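Below you'll find the structure, written out as structure tokens, and then a few comments.
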Amino acid sequence: MEDATIHDVLNGPATLGDQKRVRGWVKSRRTSKAGFSFVAVNDGSCLADLQVVADQGLPNYQEVTALGVGCAVEVAGQVVASPGKGQSRELRATQMRLVGPVADPETYPIAKKRHTFEHLRTVAHLRPRTNTFGAIARVRNGIAQAIHGYFAKRGFVWVNTPIITPSDCEGAGELFRIAGPTGDGFFGRQTYLTVSGQLNVEAFCLAMSKVYTFGPTFRAENSHTGRHLAEFWMIEPEIAFADLGDLADLAEDFLKNVLGEVLERHAEDLAFFQARVDANVVTRLENIVTSSFARLDYGEAVDILQNAGATFEFPPQWGRDLQTEHERHLTERHAGGPVVVTNYPKEIKAFYMRQNDDERTVAAMDVLVPGVGEIIGGSQREERLAKLDERMAADAKEDLWWYRDLRRYGSVPHAGFGLGLERLVQFVTGMDNIRDTIPFPRAPGNAAF
Ligand code: 4AD
Ligand code: MG
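Count the sequence shown with the working numbering and you get residues 626 to 1074, in order.
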């Protein structure tokens, strides 16, 4: 008897008449008076459950009729056409084994069909068994694989930048401090969890030309929004001999390709999100793939917002950062799709961004998308040492002596961006809260699992 995933039984390569063995968890069971039990089993390989038909001829039929939600089972049988609605194939069981019973069915936390996402966050160890969180896990994995595939095809080298860093001067938000067993002294100096791999990956960019990071990053901001996590995964490509225009082109091509692949490979899960979570899931992705991204100068964006005739909680003003409400106006109302905003005031952006000739802006770029707002933040980097020094604080110059070195030895124009993986998962699935896009979310007051 050959093992198969439920995906393969339902969609091939298994064919009608095959004998297969599957393993998974019971989603539901109903037993008919005619001596049949219909057991829906899921193993995570796809959204759909496999309907297993067991009849009273099975030696342990009594046990089968007592199977409840969450029980782990192993079933051997024949793949047959299903007369039932909603599936084309089912498995006619010749053997069914209870591998792992549910200790106390009354208290199984996800026994009911529907739960609020808030409740499911309190049972994060069991929520992967629900349709929604299974689909999120598959789509998240699909996005990650598509990202690695995109870069691999184009000759980028994946560089694993450190998670523990001595540098607290990137300016990308509050840092978590690391304490060793005997206080802060383990590394001979204070260290932190990284907020971004960018500064380190620049060193590799200026040797390997096309590189990217893909790893966890940490920010100790006390934000309680549906768009912030204390631990999230970031993808940061960095390209040499490139300017801001090249970077915007890369960001657009990258998102189009990655999302195109996700549309193609995850049709079943996306249809589920469209039906249950957000009715625009598929059209939103198709729009990204087929239309070109609007590009706006920051100054133009502020003008548009000021003349929008809309009331904002924060009145838009040149020199202030764009708020989520502004970002959503630009994408949802003004452009009806993604927008790349460039050339922000230098006062509100990091020291490493390249100064423009106008003396008041830097070559920064944010990619904004409907629903989520900022999904990508990046810039052309300041490659001129004198210009870089103008914007570096004294302690930063000391700490980041090696970063300054990169501007002394073979410096070239280069640029890079950071994409928040969870923001992208949010955008793809339509999930409202970012805490539902990562397996075990970390947010203020919340690290239980
Ligand atoms: O705009 P950010 O802060 O940019 C950087 O960290 C640069 N070093 C990136 C670079 O140029 N290589 O963050 C980049 C992206 C944001 O656009 C957002 O998608 C995501 O990371 N992000 C977060 N996602 C979840 N929770 C948070 N607290 C996030 N902060 C940023
Ligand atoms: Mg940003």
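Backbone N, C-alpha and C fix where the C-beta goes; we use that ideal spot for every residue, glycine too. Model, not experiment: these values are computed from the prediction.
For residue i, which beta-bridge partners are listed by DSSP?
| i | result |
| --- | --- |
| Q948 | Note: Q948 sits in no beta bridge, so no partner. |
| R890 | DSSP output for R890 lists no bridge partner at all. |
| D680 | F661 |
| Y817 | T790 and R802 |
| A728 | Answer by DSSP bridge pairing: none, since A728 is not bridged. |
| S653 | A665 |
| Y1028 | Its beta-bridge partners do not exist; DSSP assigns none. |
| R648 | E699 |
| R598 | No answer is possible for residue 598: the residues shown for the chain start at 626 and end at 1074. |
| R714 | A706 |
| K738 | DSSP, once it has assigned bridges, lists no residue as partnering K738. |
| L1044 | I860 and I1001 |
| Y837 | W783 and P862 |
| H1039 | A865 |
Kindly list the residues whose CB is nearer than 7 angstroms to the CB of residue i, restricted to its own chain and excluding five residues on each side of it in sequence; keep chain order.
| i | result |
| --- | --- |
| A855 | F843, R844, A845, R1067, A1068 and P1069 |
| E972 | G944 |
| E688 | L723 |
| R763 | H891 and D894 |
| L751 | P734 and I735 |
| Q899 | V906 and V907 |
Kindly give me the distance between the Cβ atoms of residue i and residue j, rounded to whole angstroms, as I take these residues to be in contact under 8 angstroms.
| i | j | result |
| --- | --- | --- |
| G693 | R717 | Not quite, the Cβ-Cβ distance comes to about 22 angstroms (not below 8 angstroms), so this is no contact. |
| E699 | R648 | 5 angstroms |
| G1041 | E863 | 3 angstroms |
| E1006 | E827 | In the sequence as presented, Glu is not what sits at residue 1006; that position holds Arg. The pair is a contact, with the Cβ atoms about 7 angstroms apart (cut-off 8 angstroms). |
| I1001 | V992 | 4 angstroms |
| D759 | G669 | According to the sequence provided, residue 759 is Gly. The question's Asp does not apply to it. Their Cβ separation, rounded to whole angstroms, is 6 angstroms, which keeps G759 and G669 in contact under 8 angstroms. |
| R1048 | V966 | That pair is no contact at about 16 angstroms. |
| K645 | V704 | 6 angstroms |
| A639 | S662 | That pair is no contact at about 22 angstroms. |
| P995 | T956 | 4 angstroms |
| Y775 | N882 | 5 angstroms |
| L641 | I860 | Not confirmed; about 42 angstroms, so no contact. |
| L824 | I789 | Not a contact, Cβ separation roughly 14 angstroms. |
| M1017 | L869 | Rounded, the Cβ-Cβ distance is 21 angstroms, inconsistent with contact. |
| L888 | L910 | 5 angstroms |
Would you say the beta carbon of residue i is closer than 6 angstroms to some non-hydrogen atom of the ligand 4AD?
| i | result |
| --- | --- |
| S653 | no |
| M721 | no |
| M859 | yes |
| Q1051 | no |
| G840 | no |
| E999 | yes |
| S821 | yes |
| R844 | yes |
| G767 | no |
| L854 | yes |
| F879 | no |
| F812 | no |
| R1075 | Since the displayed the chain opens at 626 and closes at 1074, residue 1075 lies outside it and no answer follows. |
| F781 | no |
| F742 | no |
| F897 | no |
| G1041 | yes |
| G1045 | yes |
Is residue i near the ligand MG, in the sense that its beta carbon is under 6 angstroms from a heavy atom of that ligand?
| i | result |
| --- | --- |
| A1002 | Reading the sequence as shown, one finds Gly at residue 1002 and not Ala. It does: the Cβ of G1002 is within 6 angstroms (strictly closer) of some heavy atom of the ligand MG. |
Tell me which residues share the same chain as residue i and place their Cβ nearer than 6 angstroms to its Cβ, disregarding the 5 neighbours each side in the sequence.
| i | result |
| --- | --- |
| A919 | A960 and V964 |
| G885 | V914 |
| H951 | L930 and P941 |
| T719 | A701 and G702 |
| R765 | V1050 |
| K1012 | Q980 |
Return the chain-ordered list of same chain residues with a C-beta closer than 8 angstroms to the C-beta of residue i, the five sequence neighbours on each side being excluded.
| i | result |
| --- | --- |
| H740 | T755 |
| V727 | G693, V694, G695, C696 and Y733 |
| D1020 | C794 |
| S713 | L635, A706 and S707 |
| C830 | V836, E863, I864, A865, H1039 and G1041 |
| F1065 | A749 and F1074 |
| I631 | V647, G649, V666, N667, D668, S670, C671, A673, D674 and L675 |
| P791 | F812, R814, Q815, T816, Y817 and D1024 |
Let me check you understand the geometry: is the CB of residue i closer than 6 angstroms to at least one non-hydrogen atom of the ligand ZN?
| i | result |
| --- | --- |
| L800 | The ligand ZN is not part of this structure, which contains only the ligand 4AD and the ligand MG. |
- prompt: Going along the chain, which unbroken runs of the beta strand (DSSP E) with 3 or more residues stay wholly within the region 899-965?
  reply: 919-922
- prompt: Which residue spans inside the region 754-810 form an unbroken alpha helix (DSSP H) run of at least 4?
  reply: Unbroken alpha helix (DSSP H) runs of no fewer than 4 residues, entirely contained in the region 754-810, are found at 756-778, following chain order.
task: Pick out the complete alpha helix (DSSP H) segments inside the region 957-1026, 4 residues or longer, and give them in chain order.
output: Counting only runs of 4+ residues, the alpha helix (DSSP H) found wholly inside the region 957-1026 occupies 1010-1015 and 1019-1024, in chain order.
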